[in-house]
Amino acid sequence: MIDKIRSADRRRVSVLTSVGDRWRALTKWQQALGLAAFVAILYYLPLLGIPGLTWLRTDSIQGGNNWAGVLFVCAIYVLVAIGLNVVVGLAGLLDLGYIGFFAIGAYSVALFGSVNSPVVKWIQQEFDLPSTWAVTWAICLFIAIVLTMISGVLLGWPTLRLRGDYLAIVTLGFGEIIRIVARNATGVTNGPVGISAIPGPEGAPSADNKYFGLIDAKPWYWLAITFVLIMVFLVRRLEHSRVGRAWLAVREDEDAAAVMGVYPFKFKLWAFAIGAALGGLSGFLFGSRNAFIDPTQFNANLSILFVAMVVVGGSGNMIGVSLGAVLLAYLPERFRDFADYRWLVFGLAMVLVMILRPQGLVPSRRRARELKDRAAEAEEVPARV
Numbered sequence: 003m004i005d006k007i008r009s010a011d012r013r014r015v016s017v018l019t020s021v022g023d024r025w026r027a028l029t030k031w032q033q034a035l036g037l038a039a040f041v042a043i044l045y046y047l048p049l050l051g052i053p054g055l056t057w058l059r060t061d062s063i064q065g066g067n068n069w070a071g072v073l074f075v076c077a078i079y080v081l082v083a084i085g086l087n088v089v090v091g092l093a094g095l096l097d098l099g100y101i102g103f104f105a106i107g108a109y110s111v112a113l114f115g116s117v118n119s120p121v122v123k124w125i126q127q128e129f130d131l132p133s134t135w136a137v138t139w140a141i142c143l144f145i146a147i148v149l150t151m152i153s154g155v156l157l158g159w160p161t162l163r164l165r166g167d168y169l170a171i172v173t174l175g176f177g178e179i180i181r182i183v184a185r186n187a188t189g190v191t192n193g194p195v196g197i198s199a200i201p202g203p204e205g206a207p208s209a210d211n212k213y214f215g216l217i218d219a220k221p222w223y224w225l226a227i228t229f230v231l232i233m234v235f236l237v238r239r240l241e242h243s244r245v246g247r248a249w250l251a252v253r254e255d256e257d258a259a260a261v262m263g264v265y266p267f268k269f270k271l272w273a274f275a276i277g278a279a280l281g282g283l284s285g286f287l288f289g290s291r292n293a294f295i296d297p298t299q300f301n302a303n304l305s306i307l308f309v310a311m312v313v314v315g316g317s318g319n320m321i322g323v324s325l326g327a328v329l330l331a332y333l334p335e336r337f338r339d340f341a342d343y344r345w346l347v348f349g350l351a352m353v354l355v356m357i358l359r360p361q362g363l364v365p366s367r368r369r370a371r372e373l374k375d376r377a378a379e380a381e382e383v384p385a386r387v
């Protein structure tokens, strides 16, 4: 039995390392060609009509949502997972209240998304910008990112000296505080009634919207996947910079990193701020697409689901967390035919993943190396049983 487990570990490690090694062995133009083909497939997905793959579409499922709408949710979840991976996967901070930043981003476009907003008017006059819906929407995007970054700093400044479970409890409380404030501040957020007619790049939802309306979700998906690709590039560059290396050092051993000249508090605060900005961006897109938000949409269960995306996909690996986000957004719709049992099947699938792949579906290279070293040590040490 032990030999079977060891051989299975070696096969998993060999598959992970061989795929990565083959990719890195390709020339620059081959890698560029492969990335271009992958991006083209991503933009083609809403139009998916390839024979043999049409079963992937969810609009053929009884009671299923629009296929492009499901893809939009997948893109939003990927953006959330990338931001949370900065906090959890790279910096090693357990954040259970990430839904708070998501909610702040959504309420930013709801509260400031009007050409009559005093803040938007002042920015347009100060920078001599035209008073169009597209410009107003872009200003709201800037406001959402700034507000969430400030929120991340305000949350992290007094709490990042905590570690482990204590930090997780504090962040969970932050997410609940944002939801309760949104529910009780009826004069600002309209309380539990929510805010409707949230504008997009073409203004409030109406029949005059040529592209970004409520019915056709394809333009929204293309917009969201564009933001995802931009953020993937930026976060990837940041991960390989001095800041990214400092995050990894803090995650592995905070005390040792401090001895080597890395200031842990500063870099953890950076991780919180950048992760919060990505959470605000995803919430901003979510609010604009739905055109309606209320406090019940930002509960703790969704925040736990965000963390599950990172853990299931592979903490610390951007490809892994993206895969986890897509699966956790897509599978409930795929199982919609099971009606009330689909969440049971979904939960069982997550349990099986955690049992069979505790390191995640696509672990980071560091984790893959650890598995490889463990398998090599198991071969050297004689079996005791």
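Take the position in the sequence shown, starting the count at 1, then add 2; the result is the number in our numbering.
All residues carry an ideal CB built from backbone N, CA and C; glycine is no exception.
If you're wondering where the values come from, they're calculated on a predicted model, not measured in any experiment.
*Near Lys220, what residues of its chain come up, given a Cβ to Cβ distance below 6 Å and the 5 sequence neighbours on each side ignored?*
Answer for Lys220: Pro48, Ala70, listed in chain order.
_Length of the line joining the Cα atoms of Leu225 and Val261_ = Roughly 44 Å separates the two Cα atoms.
*asked:* Excluding the 5 residues flanking Pro266 on each side, which residues of the same chain have their C-beta closer than 8 Å to its C-beta?
replied: The beta carbon of Pro266 lies closer than 8 Å to those of Val252, Glu256, Ala259, Ala260 in the same chain, with the five residues before and after it left out.
*Are there 16 or more other CB atoms within 10 angstroms of the CB of Val148, so buried, or fewer, so exposed?*
The residue in question, Val148, is exposed, as its Cβ has fewer than 16 Cβ neighbours within 10 Å.
_Reduced DSSP secondary structure (H/G/I, E/B, other) of Phe294_ = Of the three classes helix, strand and coil, the one that applies to Phe294 here is strand, per DSSP.
*Among all the DSSP beta bridges, which residues are the ones paired with Ile197?*
The beta-bridge partner set that DSSP reports for Ile197 consists of Ile295.
*asked:* Using a 10 Å radius around the Cβ and a threshold of 16 neighbouring Cβ atoms, would you call Gly349 buried or exposed?
replied: Answer is exposed; the Cβ neighbour count stays below 16.
*Distance, Ala351 Cα to Leu35 Cα*: One C-alpha to the other measures close to 35 Å.
*Through-space distance from Glu128 to Pro334, alpha-carbon basis*: Taking the straight line from one Cα to the other gives about 47 Å.
*Taking buried to mean at least 16 other C-beta atoms within 10 Å of its own C-beta, is Trp139 buried or exposed?*
Buried is the call here.
_So, with DSSP's three-state summary, where would you put Gly318?_
Coil at Gly318, not helix or strand.
*asked:* Just checking Ala27 against the ligand FAD - is the residue's beta carbon closer than 8 Å to any of the ligand's heavy atoms?
replied: With respect to small molecules bound, the structure shown includes none, and the ligand FAD cannot be examined in it.
*Pick from Gly115, Val328, Asn319, Gly158 that is closest to Gly289, judged by C-alpha positions*: Selection Gly115, Val328, Asn319, Gly158 evaluated against Gly289 yields Gly115 as nearest (Cα-Cα).
*How close, in whole Å, do the beta carbons of Ile200 and Val72 come, if the pair is a contact with beta carbons under 8 Å?*
Their Cβ separation, rounded to whole angstroms, is 21 Å, which puts Ile200 and Val72 out of contact at 8 Å.
*Below 8 Å, can you find three or more Cβ-Cβ pairs linking the segment 179–189 to the segment 304–323?*
By the Cβ criterion, the segment 179–189 is not in contact with the segment 304–323, since fewer than three pairs of Cβ atoms, one from each stretch, lie closer than 8 Å.
*Range of the contiguous alpha helix (DSSP H) that encloses Thr138*: Element bounds for Thr138: 135–161.
*Determine the direct distance from the alpha carbon of Ile180 to that of Pro194, and round the result to whole angstroms.*
About 13 Å.
*Beta-carbon separation of Leu96 and Gly154 under 9 Å?*
Cβ distance not < 9 Å, so Leu96 and Gly154 don't count as in contact.
*So is Pro203 buried or exposed if we call it buried at 16+ other beta carbons inside 10 Å?*
Its Cβ being crowded by 16 or more others within 10 Å, Pro203 is buried.
*How far does the alpha helix (DSSP H) with Asn98 in it reach, from first residue to last?*
What sits at residue 98 in the sequence shown is Leu, not Asn. From DSSP, Leu98 is part of no alpha helix (DSSP H); its letter is neither H nor E.
*Please classify Gly205: does DSSP put it in a helix, a strand, or coil?*
Gly205 falls in the strand class under three-state DSSP.
*Any idea what DSSP makes of Val364, helix, strand or coil?*
Note: Val364 maps to coil in three-state DSSP.
_Sequence-distant residues of the same chain with beta carbon closer than 7 Å to Phe74, five excluded per side_ = If the five residues before and after Phe74 are omitted, its C-beta is found closer than 7 Å to the C-beta atoms of Ala219, Trp222, Tyr223, Ala226, Arg291, all from its own chain and listed in chain order.
*Less than 9 Å separating the beta-carbons of Ser305 and Leu174?*
Yes, Cβ-Cβ distance for Ser305 and Leu174 is below 9 Å.
_Alpha carbons only, please: which of Ser208, Ile152, Ala184 is nearest the one belonging to Tyr109?_
When only C-alpha atoms are compared, the closest one is Ala184.
*Rounded straight-line distance, which links the Cα of Leu236 to that of Leu98*: In a straight line, the C-alpha of Leu98 is about 24 Å away from that of Leu236.
*What are the boundary residues of the alpha helix (DSSP H) that includes Lys212?*
Note, Lys212: premise wrong, no alpha helix (DSSP H); not H, not E.
*Val80 and Ala279 closer than 9 Å at C-beta*: No, they are not a contact pair.
*Is Trp272 buried or exposed, if buried means 16 or more other CB atoms sit within 10 Å of its CB?*
Counting Cβ neighbours within 10 Å, Trp272 comes out buried, since at least 16 surround it.
*Length of the line joining the Cα atoms of Gln299 and Phe269*: Between Gln299 and Phe269, the C-alpha separation is close to 31 Å.
*asked:* Rounded to whole angstroms, what is the Cα-Cα separation between Ile84 and Ala77?
replied: Note on geometry: alpha-carbon atoms of Ile84 and Ala77 lie some 11 Å from one another.
*How is Val122 classed by DSSP in three states: helix, strand or coil?*
Secondary structure at Val122: helix, using DSSP grouped into helix, strand and coil.
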